[in-house]
Amino acid sequence: MGLALQSSIFQKQFRALLVVPSSLLYAVSLDYSLSILADVFAHEEYVYIVNLNRAVFSYGLVLLTSYAMQQLSEKKITGLFSVVLYCMLVVPCIVYFMRSNMDYRYVCIISFAYLWFLFFSKMISGLPLKLSFSSKSIFYGTVFAATTLTHVIAISRFGIHFNLDLTGVYAVREYYLASLGMFLGYLMVWQGYVVNPLLLVLAFRKRRYFAVFFVILSQFYLFSITGYKTFLFAFLFVIFIVTSYHRLKLYLPLLFAGGVLISIMIYVSYENVWPLSLFVRRSLFSPGQITYHYLDFFSRNDFVFLSDSIFSHIVRYPYEMDPPRLIGWLHYGGEDSANTGLIGNAFMQFGVVGVFVFVSIFSFVLFLFDRIMACKYRNSELIVASVAMSVFSIMNSGLFTVMLTHGLLLSLMLALFMPMNEI
-10 MGLALQSSIF
0 QKQFRALLVV
10 PSSLLYAVSL
20 DYSLSILADV
30 FAHEEYVYIV
40 NLNRAVFSYG
50 LVLLTSYAMQ
60 QLSEKKITGL
70 FSVVLYCMLV
80 VPCIVYFMRS
90 NMDYRYVCII
100 SFAYLWFLFF
110 SKMISGLPLK
120 LSFSSKSIFY
130 GTVFAATTLT
140 HVIAISRFGI
150 HFNLDLTGVY
160 AVREYYLASL
170 GMFLGYLMVW
180 QGYVVNPLLL
190 VLAFRKRRYF
200 AVFFVILSQF
210 YLFSITGYKT
220 FLFAFLFVIF
230 IVTSYHRLKL
240 YLPLLFAGGV
250 LISIMIYVSY
260 ENVWPLSLFV
270 RRSLFSPGQI
280 TYHYLDFFSR
290 NDFVFLSDSI
300 FSHIVRYPYE
310 MDPPRLIGWL
320 HYGGEDSANT
330 GLIGNAFMQF
340 GVVGVFVFVS
350 IFSFVLFLFD
360 RIMACKYRNS
370 ELIVASVAMS
380 VFSIMNSGLF
390 TVMLTHGLLL
400 SLMLALFMPM
410 NEI
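At position 165 of the sequence shown the residue is numbered 154 (our numbering), and the sequence of numbers has no breaks.
Next up, the structure:
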């Protein structure tokens, strides 16, 4: 028993020691990939400026944030997604800043918002909150009702058809948005982001492979009628996150570095930019780039103060276009919408104060998941699966949009009523 305990402690220490060098490797690989993207996607404001002072400052931020991140990484939901946010938002933002002419203030806002997230999460982790009640009937009833209602309404409005063509998604999306009813938009996202991932992991756990087939079919159907590519790739991300929850948490920077390096090798060997474009540019750099655009614009212009939401009848909205179209028009031209994530949206609302308040709220919501999982550890995989896509969307959507539209509150409710014992 003593040897097993020593081995476990050694493995944890080894993983913790690996975080900083693997984070540096990840930053270096992103740096090199950006030099390629600056040539291929210069029309999308990708640049590569060599500046020694920025490089030293940026790699210093990578060291600081990686050291702080691994201090929290053994915690449950909060620890897992602190690493995910670090890999998918913080490091790409730092590297993008390093090779751009963005103001130093903006990368400091992003970095210190993340450090505050880590500090606040650790500070509240000891709160004596116990969330141990459950209801099997409410849990299964909610899952069944959501699944049935979503598919009945969707089939009645769009019929049954499957189309996995990635080249025509914008036309499909335009038709879908024009045909939405009052609640269908919410139901579709809740099904694709929360319910289907939960059902997928549950079916795998029970080895009901026929059920796995139907859940995957449902997800393909959601993509076919909406054109949202996140539905198509959601299951891959969820499986990756559920696997990382148990074993790969602290290896994530190394895995992301490997993904970037493989994308670079494919480009160098075959001149195929598709992996770099989809994985590195679209998933990693674009959210950071758009966040910088929001910080830059709203540091020079009026804040919104939630006037772009249901509070518009209380506070006057100061612009002619909604924020995503406004930023999209300024930086990308045309009618493209530039949706931003937690930090950009919070800054747009209330400035730096809003960033730290919204980050604190997000941290507290993840803390609630931690407390639930402390009582329902046997169902931890299901909880992680149900919340993974909602947390992922925090890179491209504001806090309240994630909580309501993207299903974070639904995930919290399902976790709360999930049975104590393994299901």
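Ideal Cβ placement from N, Cα and C applies to all residues, glycine included.
Helix, strand or coil for residue i, going by three-state DSSP, please let me know.
i: Gly115; result: coil
i: Pro307; result: coil
i: Pro242; result: helix
i: Glu163; result: helix
i: Ser(-4); result: Caution is warranted here: a pLDDT of 48 is assigned to Ser(-4), below 50, making its placement in the model unreliable, and no coordinate value can be reported.
i: His235; result: helix
i: Asp92; result: coil
i: Val269; result: helix
i: Thr394; result: coil
i: Gly387; result: coil
i: Met409; result: coil
i: Phe101; result: helix
i: Asp28; result: helix
i: Pro293; result: For clarity, residue 293 is Val in the given sequence; the question names Pro instead. Val293 falls in the coil class under three-state DSSP.
Check whether the Cβ atoms of residue i and residue j sit closer than 8 Å, and answer yes or no.
i: Leu403; j: Leu120; result: no
i: Pro313; j: Met337; result: no
i: Pro276; j: Leu78; result: yes
i: Gln180; j: Thr136; result: yes
i: Phe245; j: Tyr15; result: yes
i: Thr232; j: Tyr165; result: no
i: Val8; j: Leu315; result: no
i: Ile205; j: Thr280; result: no
i: Val201; j: Leu189; result: yes
i: His150; j: Ser213; result: yes
i: Leu409; j: Ser123; result: Looking at the sequence shown, residue 409 is not Leu but Met. Yes, they are a contact pair.
i: Pro242; j: Ser400; result: no
i: Thr54; j: Leu104; result: yes
Span of the alpha helix (DSSP H) holding residue i?
i: Ala135; result: Lys125 to Phe147
i: Val190; result: Asn185 to Arg194
i: Gln278; result: Ser275 to Phe287
i: Gln208; result: Tyr198 to Thr215
i: Glu260; result: Glu260 -> no alpha helix (DSSP H), and no H or E assigned at all.
i: His320; result: Pro312 to His320
i: Lys415; result: Outside the displayed span of the chain (-10 to 412) sits residue 415, for which this structure offers no information.
i: Phe406; result: Leu397 to Phe406
i: Ser352; result: Leu331 to Cys364
i: Arg43; result: Leu41 to Leu61
i: Ile372; result: Ser369 to Phe381
i: Leu74; result: Ile66 to Leu74
i: Tyr37; result: Neither: Tyr37 is in no alpha helix (DSSP H) and is coded neither H nor E.
i: Tyr182; result: Note, Tyr182: premise wrong, no alpha helix (DSSP H); not H, not E.
i: Phe86; result: Val80 to Met87
Drop a sphere of 10 angstroms on the beta-carbon of residue i, count the other beta-carbons inside from all chains shown, and report buried for 16 or more, exposed for fewer.
i: Arg270; result: buried
i: Glu370; result: buried
i: Leu169; result: exposed
i: Met112; result: exposed
i: Tyr234; result: buried
i: Gly396; result: buried
i: Gly130; result: exposed
i: Gly148; result: exposed
i: Ile372; result: buried
i: Met91; result: buried
At least 3 beta-carbon pairs within less than 8 Å: the stretch 92 to 102 vs the stretch 46 to 66: yes
Segment contact, 8 Å Cβ cut-off, at least three pairs: the stretch 319 to 335 with the stretch 376 to 388: yes
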